[in-house]
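Start counting the sequence shown at 2; every next residue gets the next number (this note's numbering). Contents: one structure, followed by commentary.
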Amino acid sequence: MRPILVNIPSKLLFFVALAGALIVFVRELIQRRSNKALSFSSTPLYFAAGAVLICAKLGDWSFGHPWAPVPIYSYGVMLGTSLVVGWFLAMRFAAEDQIDPQEAGTIYMWTAVWAIIGSRVLWFINVLTDPTTQSSVSMLDLFKIWQGGLVAYGGMIGGFLASWYGCHKRKIPLLKWADVSAPSVVLGTGITRIGCFLFGCDYGRVTTLPWAVRFPGPNPLARNGSPAWQHHLDIGVVARTATQSLPVHPTQLYESLSSLLLFGLLMYIRRHRKFSGQVFLGWVLGYGILRPLIEMFRDDEDRGLYTFPFTEHLKFSTSQYIGGISVILGLGLLVSLVRRYRRDPESSRLWLTPTLAPAGGPGANAANSGGDRPANKRRKRR
Numbered sequence: 002m003r004p005i006l007v008n009i010p011s012k013l014l015f016f017v018a019l020a021g022a023l024i025v026f027v028r029e030l031i032q033r034r035s036n037k038a039l040s041f042s043s044t045p046l047y048f049a050a051g052a053v054l055i056c057a058k059l060g061d062w063s064f065g066h067p068w069a070p071v072p073i074y075s076y077g078v079m080l081g082t083s084l085v086v087g088w089f090l091a092m093r094f095a096a097e098d099q100i101d102p103q104e105a106g107t108i109y110m111w112t113a114v115w116a117i118i119g120s121r122v123l124w125f126i127n128v129l130t131d132p133t134t135q136s137s138v139s140m141l142d143l144f145k146i147w148q149g150g151l152v153a154y155g156g157m158i159g160g161f162l163a164s165w166y167g168c169h170k171r172k173i174p175l176l177k178w179a180d181v182s183a184p185s186v187v188l189g190t191g192i193t194r195i196g197c198f199l200f201g202c203d204y205g206r207v208t209t210l211p212w213a214v215r216f217p218g219p220n221p222l223a224r225n226g227s228p229a230w231q232h233h234l235d236i237g238v239v240a241r242t243a244t245q246s247l248p249v250h251p252t253q254l255y256e257s258l259s260s261l262l263l264f265g266l267l268m269y270i271r272r273h274r275k276f277s278g279q280v281f282l283g284w285v286l287g288y289g290i291l292r293p294l295i296e297m298f299r300d301d302e303d304r305g306l307y308t309f310p311f312t313e314h315l316k317f318s319t320s321q322y323i324g325g326i327s328v329i330l331g332l333g334l335l336v337s338l339v340r341r342y343r344r345d346p347e348s349s350r351l352w353l354t355p356t357l358a359p360a361g362g363p364g365a366n367a368a369n370s371g372g373d374r375p376a377n378k379r380r381k382r383r
């Protein structure tokens, strides 16, 4: 467990931010000497505002005493890494499927933003509706995403809605974009779960298996101990003097490994796909089956446990319910797409139709979305 990868000296960041503001301002001043039409940008103000924020928050406006360092959280680093890797992967697949790169980049950006919002909101709902955890959180916790607490299915729902809106606005077929973005989502999930393991959240049930892990108690990196240690202390299975939790399933690594395997499967499907939507369905069905199975081994309290009619004697997590529903909906979509493919195979291969923005600018995608059908009849499927 390593929730904080490194602590950066805040005084160093303060002076770097000031230097950045000065360098950018001087550069723009020199550029304006040769071209009076150029206007000053707001970049120096952003640097200066960052320096002021660091000084006010961590230095308390005083240089005479040590400033608190800036922690770089492992979960935030892995989340950021997943977004960057997903970006390059999505841009590559967008080019292969003939989607305008500028439009694809915009959709990806807003999909990522709303995926984070959706995942955090669903986590917050789970915590608020669980009597054992609702008293330990406040509204401010909703915004502390660097400390963990993102529900993958919340992000997938939020990201899907953002993708649907972005594709609808730009006249891009949703299934075409879904096949582009699905591998990025799966790979990103696998990377982010490593951050969960380093932070110590999403831990599993107690086990005696040889690959079980023990998370630490209070230490310099986590003054209150790991989430698993805190939980075991609360239920009375470890003493406050214990330095480690009981051995538990490394469910974070289970999901990371399963996501990497699912990513490999999606890449295989993408290479041999017959119709658009196959890659997306591989993700929906694969993750919808694997995630509920992994949930059976988890023991963290903030994932939401509910009983519904006909399940009074069983408790299922939010992700298990969503996973089951997604599998049912995915099977229905699979039947529909197979029938469509059998009726007209060519119209089901949306990646053969370019969705490129010509020189006309925004809105021109509408002309491209369906006007190339005769030409594509002569194309060979890749």
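Backbone N, C-alpha and C fix where the C-beta goes; we use that ideal spot for every residue, glycine too.
Decide if the segment 186-198 is in contact with the segment 79-94; the criterion is three or more beta carbon pairs, one per stretch, under 8 angstroms apart. Under the Cβ criterion (8 angstroms, minimum of three pairs), the segment 186-198 counts as touching the segment 79-94.
Segment contact, 8 angstroms Cβ cut-off, at least three pairs: the segment 42-61 with the segment 172-181: Contact fails between the segment 42-61 and the segment 172-181, because fewer than three Cβ pairs, one in each stretch, are under 8 angstroms apart.
Would Ser318 and Glu302 qualify as a contact pair, given that the criterion is a beta-carbon distance under 8 angstroms? It is not a contact, given that the beta carbons lie outside the stated cut-off.
Three-state class that DSSP yields for Gly362 in the structure shown: Legend: pLDDT at Gly362 = 46, less than 50; position of this residue unreliable, no value from coordinates given.
Simplified DSSP assignment, three categories, for Leu6: Correct three-state label for Leu6: strand.
Reference Gly278; option with closest CA among Leu13, Leu90, Ser337 and Phe216: Ranking the options by Cα distance to Gly278, first place goes to Ser337.
For Phe15, which residues of its own chain have a beta-carbon under 6 angstroms away from its beta-carbon, when the five flanking residues on both sides are left out? If you ignore the 5 residues before and after Phe15, its C-beta comes within less than 6 angstroms of the C-beta of Ala52, Ile55 and Cys56, all in its own chain and listed in chain order.
For Arg331 and Gly289, which I take to be in contact (beta-carbon distance under 8 angstroms), what is that distance rounded to the nearest angstrom? Note that residue 331 is Gly in the sequence shown, not Arg. Taking C-beta atoms under 8 angstroms as the contact rule, Gly331 and Gly289 qualify, at a distance of about 6 angstroms.
Give a yes or no on whether the C-beta atoms belonging to Gln245 and Pro217 are separated by under 8 angstroms. The beta carbons of Gln245 and Pro217 sit closer together than 8 angstroms.
Please state the DSSP three-state secondary structure of Val214. The three-state reading of DSSP puts Val214 in strand, counting E and B together.
So Ser185 and Ile108 are supposed to be a Cβ contact under 8 angstroms. How far apart are they, rounded? At roughly 12 angstroms, the Cβ-Cβ gap does not stay under 8 angstroms, so Ser185 and Ile108 are not in contact.
Exposure of Val27, with buried meaning 16 or more beta-carbon neighbours within 10 Å: Val27 is exposed by the Cβ-count criterion.
I need the straight-line Cα distance from Pro102 to Trp111, nearest angstrom please. Each residue's Cα considered, the two are about 14 angstroms apart.
One question on the structure: do His233 and Leu247 come within less than 8 angstroms of each other, judged by their Cβ atoms? Yes, the Cβ-Cβ distance between His233 and Leu247 is below 8 angstroms.
C-beta contact flag for Glu104 and Arg33 at 8 angstroms: No, these two residues do not count as a Cβ contact at 8 angstroms.
With DSSP run on the structure shown, which of helix, strand or coil describes Thr319? Note: Thr319 maps to helix in three-state DSSP.
If you draw a straight line from the C-alpha of Ala50 to the C-alpha of Arg341, how long is it? Their backbone Cα atoms lie some 55 angstroms apart in a straight line.
To the nearest angstrom, how far is the alpha carbon of Leu30 from that of Phe48? Cα to Cα, the separation comes out at about 16 angstroms.
Do you know how far the Cα of Val339 is from the Cα of Asp345? In this structure, the CA atom of Asp345 is about 10 angstroms from the CA atom of Val339.
Verify whether the separation of the beta carbon atoms of Phe276 and Ser349 is less than 8 angstroms. Judged by beta-carbon spacing, Ser349 lies within the 8 angstroms limit of Phe276, meaning their Cβ atoms are closer than that value.
Got a sec? Which residues, its chain only, sit under 8 angstroms from Ile270 by beta carbon, not counting five neighbours each side? These residues qualify, in order along the chain: Gln279, Val280 and Gly283.
Top-ranked residue by Cα proximity to Trp230, from Tyr204, Val328, Thr209 and Pro211: For Trp230, the closest C-alpha among the options Tyr204, Val328, Thr209 and Pro211 is that of Tyr204.
Closest by C-alpha distance to Ser259, when choosing among Thr190, Ser120 and Thr209: Closest by alpha carbon: Thr190.
Name, in chain order, the residues that DSSP records as bridge partners for Asn220. For Asn220, DSSP records a beta bridge to Ala223.
Can a CB atom of chain D be found closer than 8 angstroms to the CB of Trp230? Protein chains in the displayed structure number just one, and chain D is not present.
Quick one: is Arg224 buried, meaning 16 or more other Cβ sit within 10 Å of its Cβ, or exposed? Residue environment: Arg224 is assigned as exposed (fewer than 16 neighbouring CB atoms within 10 Å of its CB, all protein chains considered).
Element boundaries [beta strand (DSSP E), containing Tyr204]: No beta strand (DSSP E) holds Tyr204; DSSP gives it neither H nor E.
Scan the segment 2-90 and note each continuous beta strand (DSSP E) run of 3 residues or more that stays entirely inside, going in chain order. Annotation: the segment 2-90 contains the following complete segments of the beta strand (DSSP E) (minimum length 3 residues), in chain order: 5-9 and 71-74.
Distance, Gly237 Cα to Ser43 Cα: Our two residues, Ser43 and Gly237, have alpha carbons roughly 55 angstroms apart in a direct line.
How should Ile5 be labelled, buried or exposed, when 16 other C-beta atoms within 10 angstroms of its C-beta is the threshold for buried? That one is buried.
Would you decide whether His250 is buried or exposed? Buried here means 16 or more other CB atoms lie within 10 Å of its CB. So His250 counts as buried.
Does the Cβ of Ala18 have 16 or more other Cβ atoms within 10 Å, making it buried, or fewer, making it exposed? Around the beta carbon of Ala18, a 10 Å sphere encloses 16 or more other beta carbons of the protein chains shown; the residue is thus reported as buried.
With distances taken from CA atoms, which of Phe264, Glu347, Ile329 and Pro45 is nearest Leu286? The candidate whose alpha carbon is nearest that of Leu286 is Ile329.
Out of curiosity, what's the CA-to-CA distance linking Pro359 and Trp352? Annotation note: pLDDT 47 at Pro359 (below 50); position unreliable, coordinate value reported separately. Their Cα atoms are separated by approximately 18 angstroms.
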